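To start, the structure itself, in structure tokens.
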Amino acid sequence: MKSFRKVLHFNTPNRRNYLNITSLVNEALLESGIQEGMVLVNAMHITASVFINDDESGLHQDFEKWLEKLAPEKPHSQYLHNGYEDNADAHLKRQIMGREVVVAITKGKLDFGPWEQIFYGEFDGMRDKRVLIKIIGY
Amino acid sequence: MKSFRKVLHFNTPNRRNYLNITSLVNEALLESGIQEGMVLVNAMHITASVFINDDESGLHQDFEKWLEKLAPEKPHSQYLHNGYEDNADAHLKRQIMGREVVVAITKGKLDFGPWEQIFYGEFDGMRDKRVLIKIIGY
Amino acid sequence: MKSFRKVLHFNTPNRRNYLNITSLVNEALLESGIQEGMVLVNAMHITASVFINDDESGLHQDFEKWLEKLAPEKPHSQYLHNGYEDNADAHLKRQIMGREVVVAITKGKLDFGPWEQIFYGEFDGMRDKRVLIKIIGY
């Protein structure tokens, strides 16, 4: 049994962004040399998300509008969390989109369906944030 | 350390369906011969879900009504994703219900509480879709 | 390869509660002696959640208000599930908050970002409920 760890760093230009990180996870998998197992990819911060969906810009705009409807950013004062901060909505949005994904590794590759892509969902950006990749297997 | 992989195929009669797949995951676990470890069960498509909840038909009708309230299918034109497609709502519903579950395996069995059952949640059905089962352990 | 299993027991004073269980998961990890791998922490009941977010009381009150908006408890009669029961809302709330978390283990520790804490989210409490910790690795 082997394990492999890698940290990705992001500093997005906007408060909210969706970044396709599939190729970065593939690189880590190649570096690991692991052929069979599982990879965990998770946001290391509680105002961001890692999720799997379609890479389609219209859909990302739909996510933005939809998440703003379910957990609106403003007014900041509607949330008790926002005493000294303004990011309560980011904590809620991340619960809908999820913290992490676990993906099967088969024959040295991400074992994906035809449209699965891994995204980093940032809900409180414009500063240094991290994503953890942990692979276990053999 | 061992691993085991199996793919399940579904073609549901309706656009939205909830199927209890616990017995199919149990079968795969028996085939694998793995006694201790973890099983990942995930939708291989981005308009479907694998989740764990109660097997109760009233609850499934409640899910249907609730998901339609949070991420309504129609009008299709409300979503930018729906240029040539009509399934943006399915991409959103799956974020709420989740892509995957990870279940502990203990003494050769799914290590479940009294009411836990694994479901395939289809949000854009009436065509061939797949679910991946990946087991690692010993 | 090794595995370790532990069950936590809870009986919360209120219908809905958020408990920080990070130290309990850390204890289990120490007991396991596992240095590299993954830990799965999941609710064993379908009206509760295990999730990772910030340990901040204002935020927990925001969760309470927000989940009541998205999946209100009352009137109980709005849900078909509530024939003999009154907890349909708890089944829905748990879908938003999630059943489980998977956390990387690196050098014998939970491999966490600066603010990550593990919570047990109870949505139908005042009775005995359980959380499963399963660790695999070496």
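Residue numbers (our numbering), protein chains in the order written: chain A, 1 to 138; chain B, 1001 to 1138; chain C, 2001 to 2138.
By construction, the Cβ of each residue, glycine as well, lies at the ideal position given by its N, Cα and C atoms.
Fair warning: this is a prediction, and the values are worked out from it, not measured in the lab.
query: Beta carbon proximity, His76 (chain A) to chain C, threshold 8 angstroms; result: no
query: Under 8 angstroms by beta carbon: chain A residues contacting Met2097 (chain C); result: Gln95
query: Unbroken stretches of the beta strand (DSSP E), 3 residues or longer, contained in the stretch 1034-1082 of chain B; result: 1037-1043, 1048-1053
query: Minimum C-alpha distance to Asp111 (chain A) - residue among A:Arg5, A:Asn26, A:Gly98; result: A:Asn26
query: Partners in chain A for Tyr2120 (chain C), counting only beta-carbon separations shorter than 9 angstroms; result: Here the premise fails: no neighbours, minimum Cβ distance about 15 angstroms.
query: Extent of the continuous alpha helix (DSSP H) run through Ile1096 (chain B); result: 1088-1097
query: Proximity of Asn87 (chain A) and Thr47 (chain A) at Cβ, strictly below 8 angstroms; result: yes
query: CA-to-CA distance, Glu2068 (chain C) to Lys2074 (chain C), given in whole angstroms; result: 9 angstroms
query: Under 7 angstroms by beta carbon: chain C residues contacting Tyr79 (chain A); result: Asp2062
query: Beta-carbon proximity check, Ile1136 (chain B) vs Met1038 (chain B), cutoff 8 angstroms; result: yes
query: Chain C contact residues for Ala28 (chain A), given Cβ-Cβ distances below 7 angstroms; result: Under the 7 angstroms cutoff, chain C gives no residues; its nearest Cβ is about 13 angstroms from Ala28 (chain A).
query: Length of the line joining the Cα atoms of Gly98 (chain A) and Pro1114 (chain B); result: 25 angstroms
query: Presumed contact (8 angstroms Cβ cut-off) between Val2102 (chain C) and Val131 (chain A), rounded CB distance; result: Going by Cβ atoms, the distance from Val2102 (chain C) to Val131 (chain A) rounds to 14 angstroms, so no, they are not a contact pair.
query: Tyr18 (chain A) - partner residues in DSSP beta bridges; result: A:Gly121
query: Where Tyr2084 (chain C) falls, given that 16 or more other Cβ within 10 Å makes a residue buried; result: exposed
query: Beta carbon of Phe2063 (chain C) nearer than 8 angstroms to that of Glu2031 (chain C); result: no
query: Host beta strand (DSSP E) of Arg2005 (chain C) (start-end); result: 2002-2010
query: Best match in A:Ile96, A:Lys2, A:Gln78 for proximity to Gly121 (chain A) [C-alpha to C-alpha]; result: A:Ile96
query: Minimum Cβ-Cβ distance from Val2050 (chain C) to chain B less than 8 angstroms; result: no
query: Member of C:Ile2105, C:Lys2002, C:Leu2080, C:Val2007 whose CA lies at the smallest distance from the CA of Asn42 (chain A); result: C:Ile2105
query: Assigned secondary structure, Glu116 (chain A) (DSSP; H/G/I helix, E/B strand, else coil); result: coil
query: Candidates A:Glu100, A:Asp128, A:Gly108, A:Trp66: closest to Val2050 (chain C) by CA position; result: A:Glu100
query: Nearest candidate by alpha-carbon position, reference Lys93 (chain A), set A:Lys109, A:Lys129, A:Asp128, A:Phe123; result: A:Phe123
query: Collapsed DSSP secondary structure at Glu1027 (chain B) in the structure displayed; result: helix
query: Contacts around Tyr2163 (chain C), its chain only, beta-carbon distance under 8 angstroms, and the 5 residues preceding and following it disregarded; result: Nothing about residue 2163 (chain C) can be read from this structure; chain C reaches only from 2001 to 2138.
query: Neighbourhood of Pro1013 (chain B) by C-beta, 6 angstroms cutoff - its chain only, sequence neighbours within 5 removed; result: none
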